[in-house]
Amino acid sequence: PQEIVSGESEEESNSVNLMEFSDEILLHILSYVPCTDLVLNVRRTCRKLATLCLDKSLTHTVLLQKDYKVNKDKVKQLMRDIGKEIYQLNMAGCYWLPSSTIDHVTRCKNLVKLNLSGCHVTSLHLSKMLSTLQHLRSLAIDVNPGFDASQLSSECKATLSRVLELKQTLYTPSYGVVPCCTSLEKLLLYFEILDRSREGFMLSGQLMVGESNVPHYQNLRVFYARLAPGYVNQEVVRLYLAVLSDRTPENLHAFLISAPGSFAETGATKNLLDSMARNVRLDALQLPKAWINGSGLLQHLKFNNPFYFSFSRCTLSGGHLIQRVINGGKDLKSLTSLNLSGCIHCLAPESLFRKAEDDIDSSILESLVVSCCNLRHLNLSAAHHHSSESIGNHLCQLLSRLKHLLSLALPVCSITDVAAKVEKPPAASNLVPQTFGKKVRIGIQTYSWNLVDQAKIESSVFWALMGSLRFLETLEIIGSSFSSAMPRNEPAIRNSLPPCVRAQSVGDSEVAAISQLTYLQSLTLAQLPNILTGSGLVNIGLQCQHLRTLSLANLGMMGKMVYMSALMDMLKHCKCLRDLRLEQPYFCAGTQFFQALSHCSSLQRLCIVSRSGTLQSDAVMSFMANCLEVIMCHMFMGESLTVCKNLQQSIVRSFQADRPALNVVIFPLLHEDLTEVIRDVPMRHLDEITLFKSRVAEEPPNLWW
């Protein structure tokens, strides 16, 4: 007994008491705890933590975005306790909080930065709130139908006149608060206006009488506009640009317009671009493709120390890219982000007589890599970048020199070894590993680890590329002809284009190569036709322990869900996974799948898109009960409308009370009313997970805080 006591004493003497750490170390540890937990829970544990939890370093900036557990009572208490200590408050995407809760922001008298994007705020609420925030310099808001600038008080307008940075998301044709912001240096505009109202009436892009106040752009340094599909969005953005075309701000250094589809150049926009060419030197540039294609604009624009370029969907040739943008291959070390998505001729010397599937000119890519050696974000997706047989000049070999890359998007056909034999798609009978005298059911089959030769895998150019980019955090490998079945403002796509011939050999071995990326946080794989078992996914699950976002779409041959067994094994290891998006025809969301998914203890958002897919309601309910962090469940399947509605109502009824941010949409993928359902999805979820798109270099880094 005496020995036992002495042993216990020795163990106690060797134990570490957290409270014995220095204040600096404790503050660093506490910085990883959500502010609501610090103020409402942790500080009540002891006197020392009560003092530390209210340290300025922890209360200066409060981030509530993606804090899905925060409710109206917690927000009210937080504002009462530390409101005066908050200088930066981010509530972006807190769609579940009512306007009455947002009103408590008025307690934060010293606010300098405020982000309310995605929050319910009327013009009257905004007026009351901003009237008390005299120190505000940065603001992000939504402008919804019914917004009336005439309801803004003089005190509110006085605050807006001192705002230097404004991010405004428009859901209705309006100038919003832009005319009141007379000192603007940074203006970010997101146009999400639908062409038709809920009642089916066509909307006009003409602004209402009384809203024709002229925006003040004289101090503007950054202008950014992102347009959702639709004619009205184009009409309204032209009104915002009209003032810029009359007089270009002298200090403008970033001019970015992201517009899908065709956005024609007009006389006013041409005058604007001509004025920019004469008067400003840019650091960041993005223009609609119609403004660049066939024009000599890039030859005349002047650049200072550019950090971001986007030529997405332009027909810009590699020759023009090198000569006009990279100055003939001169030093461009300042460039950190480059988006060439859908720029099908950007790695070819000219585009006049070239087919999209022709081999790239490796010398152009080499010039790009040498000149832009500090690139951190590179997007080459949505194009056919086929390497020639020249030794040492494969696209993967050249990209391996970019040691600073943090995010990368590539087309599937660009990563195949040139020497790899391009074969026809495997016959249906060979898609599933065969066993003696026993049928193998699609969806739960076993898979073999010896399908591919390990030595051959490790000698591939893609394996070498993954090995050289050890610090990569985001990777997208997307088929050049892939298009999602999930619509934006139109009916669901029923047919998809076949994969590129060069992509036919890309499958399990290439997926296995990705497992070398130890720090990988986000992975997108779409239209990899030669996935036979998905065995490489298990490697990723085991090795990539920081993976937080996973998006898989149309893997293997269409019509066969051949990688289910491997996917379920992978999910059992993904303890940090927060977002999962699956798009696969004939997907069976059944008991075994949801049992495997329940191992993802950190999962918050799930989206499944499956033409002719099926689900088991009991399995979904059990999954939701087991995974307490899940606040978004979107399923667009082949089930009937009745089945979908009943399941959606059951989930909401059972879990909404404990999960205030819960957003559930379960709906038939091919139903004619799908677009009406989509418009009610919070923009945060719609933009980040529900809609498929390439996100690498989509926007300049650190565009908004």
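276 is the number that UniProt numbering gives to position 276 of the sequence shown; each next residue is one higher, with no gaps. Heads up, the beta-carbon is just placed ideally off N, CA and C, and yes, glycines get one too. What you are looking at is a predicted structure, and each value in this text was computed from that prediction instead of being measured.
Span separating the alpha-carbon of residue i from that of residue j
i      : j      : result
Val33  : Lys302 : 45 angstroms
Trp449 : Val538 : Because Trp449 carries a pLDDT of 46, less than 50, the predicted location of this residue cannot be relied on, and the following value inherits that uncertainty. Each residue's alpha carbon lies about 10 angstroms from the other.
Leu256 : Leu188 : 9 angstroms
Gly205 : Phe309 : 29 angstroms
Met637 : Gln616 : 11 angstroms
Gln656 : Asp417 : 50 angstroms
Lys572 : Ala526 : 22 angstroms
Leu111 : Glu85  : 9 angstroms
Glu688 : Leu552 : 14 angstroms
Ala383 : His135 : 48 angstroms
Ser150 : Met129 : 15 angstroms
Glu155 : Ser127 : 8 angstroms
Ser100 : Thr106 : 11 angstroms
Val237 : Leu365 : 35 angstroms
Pro491 : Arg196 : 15 angstroms
Cys180 : Asn219 : 14 angstroms
Val432 : Asp569 : No answer about Val432 holds up, because its pLDDT of 38 lies below 50 and its placement is not dependable.
Ala513 : His104 : 50 angstroms
Tyr586 : Ser610 : 6 angstroms
Gly319 : Lys693 : 28 angstroms
Leu297 : Gln323 : 13 angstroms
Gly541 : Ala596 : 12 angstroms
Val461 : Asp23  : 49 angstroms
Ala566 : Gln584 : 15 angstroms
Leu332 : Thr122 : 46 angstroms
Which of helix, strand or coil DSSP assigns to residue i
i      : result
Arg605 : strand
Val222 : strand
Phe255 : strand
Glu155 : helix
His386 : strand
Val412 : helix
Glu688 : helix
Ile678 : helix
Ser337 : strand
Asn305 : strand
Thr642 : helix
Glu423 : With a pLDDT of only 43 at Glu423, under 50, the local geometry of the prediction cannot be trusted, and the value read off the model is given with reservation. Of the three classes helix, strand and coil, the one that applies to Glu423 here is coil, per DSSP.
Glu235 : helix
Leu469 : coil
Glu211 : Below a pLDDT of 50, predicted positions are generally treated as unreliable, and Glu211, at 49, falls in that range; the measurement from the model is reported next regardless. Looking at Glu211 - three-state DSSP - the assignment turns out to be coil, as it is neither helix nor strand.
Glu683 : Inspection of the sequence shows that residue 683 is occupied by Met rather than by Glu. DSSP places Met683 in helix when its eight states are reduced to three.
Met202 : strand
His320 : helix
Thr248 : coil
His300 : helix
Thr172 : coil
Beta-carbon spacing of residue i, residue j below 8 angstroms
i      : j      : result
Ser341 : Asn379 : yes
Arg605 : Gly93  : no
Leu40  : Leu78  : yes
Gln543 : Thr518 : yes
Met530 : Val506 : Per the sequence presented here, residue 530 reads as Asn, with Met not at that position. Contact: yes.
Cys600 : Cys574 : yes
Val232 : Ile193 : yes
Phe191 : Ala158 : no
Leu160 : Val177 : yes
Nearest neighbour of residue i, chosen from the options [CA to CA]
i      : options                        : result
Val243 : Met621, Glu192, Tyr175, His300 : Tyr175
Thr45  : Asn554, Ser505, Leu18, Ser459  : Leu18
Cys576 : Val75, Leu133, Leu550          : Leu550
Asn702 : Val677, Arg376, Thr269         : Arg376
Ile82  : Gly556, His60, Gln584          : His60
Asp361 : Ile514, Ser317, Leu402         : Ser317
Ile29  : Gln234, Cys53, Arg226, Cys108  : Cys53
Asn686 : Arg581, Met564, Thr614, Ser610 : Position check: residue 686 holds Leu in this sequence, whereas Asn was assumed. Cα-wise, what sits closest to Leu686 is Arg581.
His120 : Pro145, Cys108, Leu133, Ser131 : Pro145
Leu272 : Met557, Ser245, Ser367         : Ser245
Val696 : Ala290, Ser312, Leu567         : Ser312
Ile326 : Cys373, Phe201, Pro288         : Cys373
Leu405 : Phe623, Thr51, Glu473, Glu389  : Glu473
Cβ of residue i within 8 angstroms of any chain C Cβ
i      : result
Glu583 : The question asks about chain C, but that chain is absent: this structure has only one protein chain.
- Item | Whole alpha helix (DSSP H) elements within the UniProt domain "F-box" (15 to 62), 4-residue minimum | 23 to 30, 35 to 40, 47 to 52, 56 to 59
- Item | Those runs of the beta strand (DSSP E) which lie wholly inside the region 122 to 169 and span at least 3 residues | 138 to 143
- Task: Return the chain-ordered ranges of every alpha helix (DSSP H) run that is complete within the region 78 to 114 and spans a minimum of 4 residues.
- Result: 99 to 102
- Which ranges does the alpha helix (DSSP H) cover as unbroken runs of at least 4 residues, wholly within the region 489 to 554, from first to last along the chain? 508 to 513, 535 to 543
- beta strand (DSSP E) runs wholly inside the region 558 to 642, at least 3 long, in chain order: 579 to 583, 605 to 609, 632 to 637
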